[in-house]
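Chemist:
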Amino acid sequence: MCDMLEGIIDQAEIHEAGHILQALTIVVPCYNEQDVLQQAAAALEKQLDAMIEAGLVAAESCILFVDDGSRDDTWRLITELAASSPMVQGLKLSRNVGHQNALLAGLAHVKDGPCISIDADLQDDVLTMSCMVEHYRQGCQVVYGIRQDRTTDTLFKRNSAYLFYKVMALLGVETIENHADFRLLGSAARKAVLSFTEENLYLRGIVPLVGFKTASVYYARKPRAAGESKYPLLKMLALAARGITSFSVVPLRMIAVLGVAVFLFGILHSIWSVIDKLFFQPAVGWASLSSLICIIGGLQMLALGVVGEYIGCIYTEVKRRPRYFVEQTL
74 MCDMLEGIID QAEIHEAGHI LQALTIVVPC YNEQDVLQQA AAALEKQLDA
124 MIEAGLVAAE SCILFVDDGS RDDTWRLITE LAASSPMVQG LKLSRNVGHQ
174 NALLAGLAHV KDGPCISIDA DLQDDVLTMS CMVEHYRQGC QVVYGIRQDR
224 TTDTLFKRNS AYLFYKVMAL LGVETIENHA DFRLLGSAAR KAVLSFTEEN
274 LYLRGIVPLV GFKTASVYYA RKPRAAGESK YPLLKMLALA ARGITSFSVV
324 PLRMIAVLGV AVFLFGILHS IWSVIDKLFF QPAVGWASLS SLICIIGGLQ
374 MLALGVVGEY IGCIYTEVKR RPRYFVEQTL
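Note that the working numbering has the sequence shown beginning at 74, numbered continuously upward.
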């Protein structure tokens, strides 16, 4: 069943999801994926052929590989795949701009009809694409691919992901738990997503904001087919910081609350010090004083760091620099 989300729907575009076959574009961001690219292309072509034969999508459907400034043979392989298969298209960015911007470039390159975004590592189940298209043909503009289990992930990654979603929920950021960037967007939803012009891009938070009729499909996450993960710990932390600073000002409010709490603690400590000196007269040691100085100094540095992160986001926004440049298309 499809859940209804709030949003203004362009009826002319939503009508596209009826019985008229639409050309589907599968958008695949790639960064140094030479080890898995051919395997991914074969799996995606097979699934696309199956959907065409089943009458779910039009024969003009295609796979769009977006090379995010790879330093290996990824673009050469994309060129070979495009030359050997009419289903494959390629988009080469002039430099590495990050997964979210590469995905946005792929969405902007789609001409019309629905599109499905998926990573090249084949951890997301390509077979669920048929279910996504079925939901789309029933009128859903957004279909989320949600991992029903993360048994293939390491213990650290499972726990850190769980903590991430809980923190985002506490900060008031609307996210879909256990959903990454495996999703279907109809034309209306895709155009709505592209209308967001912010530099501090976090698509996983933007998509729920566009509204429209949505649905979810669930799948078991698979081990990575080949190659290495492109999201090590530092990149995951950077993505989490981007998501928080893009959609929540709660950390700034927490700083104000923390400042009031430290101020009140200082007053209470001063009163206690006077009472202690007058009635108990203990020996005044430097340890307690230095501890208080270190604690307060650390809190100040933490507060400055959080404020600085938001100021940095403002700095990148006001410059309005292009997110990417396209070097070549196939």
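Don't be surprised by glycine CBs; every beta carbon is placed ideally from N, CA and C.
Taking all protein chains shown into account, do 16 or more other C-beta atoms lie within 10 angstroms of the C-beta of M205, making it buried, or fewer, making it exposed?
Modeler: buried
Chemist: Going along the chain, which unbroken runs of the beta strand (DSSP E) with 3 or more residues stay wholly within the segment 103-191?
Modeler: As far as the segment 103-191 is concerned, its whole beta strand (DSSP E) runs of at least 3 residues are 135-140, 161-166 and 188-190.
Chemist: If you draw a straight line from the C-alpha of L177 to the C-alpha of P324, how long is it?
Modeler: L177 and P324: Cα-Cα distance of roughly 27 Å.
Chemist: Given L150, which residues of its chain have a CB within under 7 Å of its CB, disregarding the five upstream and five downstream residues?
Modeler: Q107, L110 and Q111
Chemist: Could you spell out the range, first to last residue, of the alpha helix (DSSP H) harbouring Y209?
Modeler: Unbroken alpha helix (DSSP H) run through Y209: M202 to R210.
Chemist: I need the straight-line Cα distance from H172 to P102, nearest angstrom please.
Modeler: 7 Å
Chemist: What is the residue span of the alpha helix (DSSP H) that I279 lies within?
Modeler: L276 to I279
Chemist: Hey, how far is the Cα of I87 from the Cα of G179?
Modeler: In this prediction, I87 scores a pLDDT of 39, lower than 50, which makes its location untrustworthy; the coordinate-derived value is nonetheless stated afterwards. Between I87 and G179, the C-alpha separation is close to 21 Å.
Chemist: With distances taken Cα to Cα, identify the nearest neighbour of A293 among R220, V130, L195 and A123.
Modeler: R220
Chemist: State yes or no: is the C-beta of I136 within less than 8 Å of the C-beta of A114?
Modeler: yes
Chemist: Per DSSP, what kind of secondary structure is T402 in: helix, strand or coil?
Modeler: strand
Chemist: At the level of alpha carbons, what is the spacing between Y238 and I340?
Modeler: 37 Å
Chemist: Quick check: C213 and A132, are their CB atoms within less than 8 Å of each other?
Modeler: no
Chemist: Is the Cβ-Cβ distance between S190 and R256 less than 8 Å?
Modeler: yes
Chemist: In the structure shown, what three-state DSSP assignment does Y397 receive?
Modeler: Y397: coil per DSSP, three-state reduction.
Chemist: State the CB to CB distance for the pair L262 and V215, rounded to an integer number of angstroms; the pair is presumed to be in contact (CB under 8 Å).
Modeler: Here residue 262 turns out to be Ala, not Leu, going by the sequence shown. With 8 Å as the limit, A262 and V215 qualify as a contact, their Cβ atoms being about 5 Å apart.
Chemist: Buried or exposed: K184, going by 16 or more other Cβ atoms within 10 Å of its Cβ?
Modeler: exposed
Chemist: Taking DSSP as the reference, what is the three-state secondary structure of I219?
Modeler: Strand.
Chemist: In three-state DSSP terms, what is A96?
Modeler: coil
Chemist: Using 8 Å as the threshold, is the C-beta distance between E382 and A334 below it?
Modeler: no
Chemist: Measuring straight from C-alpha to C-alpha, what distance separates S167 and N174?
Modeler: For S167 and N174, the gap between their C-alpha atoms comes out near 12 Å.
Chemist: Which partner residues of V290 appear in the DSSP bridge assignment?
Modeler: DSSP, once it has assigned bridges, lists G218 as partnering V290.
Chemist: L244 bridges to which residues according to DSSP?
Modeler: For L244, which the question treats as bridged, DSSP gives no partner whatsoever.
Chemist: In three-state DSSP terms, what is L372?
Modeler: In the three-state reduction of the DSSP assignment, L372 falls in the helix class, which pools H, G and I.
Chemist: Let me know if G128 comes out buried or exposed under the rule of 16 or more other beta-carbons within 10 Å of its beta-carbon.
Modeler: exposed
Chemist: Are there 16 or more other CB atoms within 10 angstroms of the CB of K392, so buried, or fewer, so exposed?
Modeler: exposed
Chemist: Are there 16 or more other CB atoms within 10 angstroms of the CB of H208, so buried, or fewer, so exposed?
Modeler: buried
Chemist: For S203, which of N251, A123 and I366 has the nearest alpha-carbon?
Modeler: Checked all of N251, A123 and I366; the closest Cα to S203 is A123.
Chemist: Determine the burial state of L375: buried for a count of at least 16 other Cβ atoms within 10 Å of its Cβ, exposed for fewer.
Modeler: Exposed, by the Cβ-count rule.
Chemist: Figure out for me which residue from T201, V161 and L94 has the closest Cα to the Cα of E126.
Modeler: Nearest in C-alpha terms to E126, of all of T201, V161 and L94, is L94.
Chemist: Using the three-state DSSP reduction, which class does L258 fall into: helix, strand or coil?
Modeler: strand
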